[in-house]
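Mind the numbering: the sequence shown is residues 150 to 329 in the numbering used here, read in order. In what follows, a single structure is set out as structure tokens and then discussed.
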Amino acid sequence: MSHPLDIQLVRLGGEPELLKAVDELADLLVDVVTGGASIGFLLPFEHVEAAAWWAAQAPLVADGRQTVWLARGDGGQPLGTVSLLRADKPNSPHRAEIAKLMVRRDARGRGIAGALLAAAETAALAEGRTLLTLDTETGSPAEALYARRGWTSVGVVPGYAAAPTGEPRPTTIFYKSLSA
150 MSHPLDIQLV RLGGEPELLK AVDELADLLV DVVTGGASIG FLLPFEHVEA AAWWAAQAPL
210 VADGRQTVWL ARGDGGQPLG TVSLLRADKP NSPHRAEIAK LMVRRDARGR GIAGALLAAA
270 ETAALAEGRT LLTLDTETGS PAEALYARRG WTSVGVVPGY AAAPTGEPRP TTIFYKSLSA
């Protein structure tokens with residue numbers, strides 16, 4: 150999918166595509182964790198650990214439980230990513246979770262996160278997922294992004310997740326109802 154921000158949003162359509170992009174995704178993950186993003190990992194955080202985490206997502210992509218988008222710059226370099234995780238409980242076919250929305254530190258402020266989020270929301274709605282949830286570090290730039298994009302805060306959980314330094318930080322839980 151072409152995008153007016155001089156980026157290309159690529160939906161990694163299956164396990165082979167994800168595995169082919171593991172090194173690029175790992176570089177991106179190391180960049181954001183090293184920069185302080187609280188997305189599930191602690192410092193020190195190395196490429197090999199990031200690559201192993203991304204490779205472990207391949208079975209979820211293969212069986213349709215997860216979709217990953219990769220934003221590439223006009224030179225093909227990876228700039229950001231987001232995942233859509235489908236709820237797999239019988240009573241939740243209408244739900245999904247937005248996860249691992251991240252943009253390289255040197256590419257922020259260009260609308261890439263918003264474009265990735267919009268792609269995931271559009272895909273979710275197209276498959277009948279009308280309720281999305283996510284969590285993010287309270288007070289982070291991501292929290293402000295979600296509020297601007299129409300997400301509703303459910304509340305804050307104190308000390309929910311550790312920053313990369315190991316310090317417990319509060320997390321804000323959000324939801325968004327989608328409609329055609």
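Each residue gets a CB set at the ideal place from its N, CA and C atoms; glycine is no exception.
Inset, instruction - Hey, could you find the ends of the alpha helix (DSSP H) ARG214 is sitting in? - result: Here residue 214 refers to the residue found at position 65 when the sequence shown is read from its first residue. Counting along the chain, ARG214 falls outside any alpha helix (DSSP H), and DSSP gives it neither H nor E.
Legend entry - Closer than 7 Å: ILE322 CB and nearest the ligand GDP heavy atom: Ligands are entirely absent from the displayed structure, and the ligand GDP is therefore not among its contents.
Legend entry - Close beta carbons around GLY308, own chain, < 8 Å, minus the five adjacent residues each side: Within the sequence shown, the letter at position 159 stands for residue 308. Within the same chain, GLY308 has close Cβ partners PRO317, ARG318 and PRO319.
Inset, instruction - Check whether the stretch 200 to 220 touches the stretch 281 to 291, taking contact to mean three or more Cβ pairs, one atom from each stretch, closer than 8 Å. - result: no
Legend entry - Status (buried if at least 16 other CB within 10 Å, exposed otherwise) for ARG297: Looking up residue 297 in the sequence shown gives position 148. Burial call: exposed.
Inset, instruction - Return the first residue and the last residue of the alpha helix (DSSP H) that THR279 is part of. - result: Within the sequence shown, residue 279 is the residue found at index 130, counting from 1. Here THR279 belongs to no alpha helix (DSSP H), and DSSP marks it neither H nor E.
Legend entry - Residues near ALA311 in its chain [Cβ-Cβ closer than 8 Å; skip 5 each side]: Here the question's residue 311 lines up with position 162 in the sequence shown. Excluding residues within five positions, the ones whose Cβ falls inside 8 Å are SER187, LEU191, PRO317 and ARG318.
Inset, instruction - In angstroms with no decimal places, state the Cα-to-Cα distance between GLY162 and GLY304. - result: Indexing the sequence shown from 1 puts residue 162 at position 13. Indexing the sequence shown from 1 puts residue 304 at position 155. Near 34 Å, if we compare the C-alpha coordinates of GLY304 and GLY162.
Legend entry - Inter-residue spacing [alpha-carbon to alpha-carbon] between SER326 and LEU234: Translated into positions along the sequence shown, residue 326 becomes position 177. Translated into positions along the sequence shown, residue 234 becomes position 85. Straight-line Cα distance between these residues: approximately 16 Å.
Legend entry - Simplified DSSP state of LYS238, which is helix, strand or coil: As a position in the sequence shown, residue 238 is number 89, starting the count at 1. Reduced to three states, the DSSP call for LYS238 is coil.
Inset, instruction - Quick one: grab the DSSP three-state call for PRO100. - result: Since the displayed the chain opens at 150 and closes at 329, residue 100 lies outside it and no answer follows.
Inset, instruction - Spatial neighbours of GLY185 within its chain, please: CB distance less than 7 Å, with the 5 preceding and 5 following residues excluded, ordered by chain position. - result: If you number the sequence shown from 1, residue 185 lands on position 36. Counting only Cβ-Cβ distances below 7 Å, and skipping sequence neighbours, we find ALA312 and PRO313.
Inset, instruction - Look up SER151 in the DSSP assignment and say whether it is helix, strand or coil. - result: Taking the sequence shown and counting its residues from 1, the one referred to as residue 151 is at position 2. Here the model assigns SER151 a pLDDT of 47, short of 50, so the residue's position is not dependable and the matter cannot be decided.
Inset, instruction - Could you check what DSSP says for THR314 in three-state terms: helix, strand or coil? - result: Counted from its first residue, the sequence shown places residue 314 at position 165. Correct three-state label for THR314: coil.
Legend entry - Same chain, Cβ closer than 6 Å to LEU124, five either side skipped, listed in chain order: The requested residue 124 is not part of the displayed model; the chain covers only 150 to 329.
Inset, instruction - Mark SER328 as exposed unless 16 or more other C-beta atoms lie within 10 angstroms of its C-beta, in which case mark it buried. - result: As a first step, residue 328 must be located in the sequence shown, where it is residue number 179. Its Cβ having fewer than 16 others within 10 Å, SER328 is exposed.
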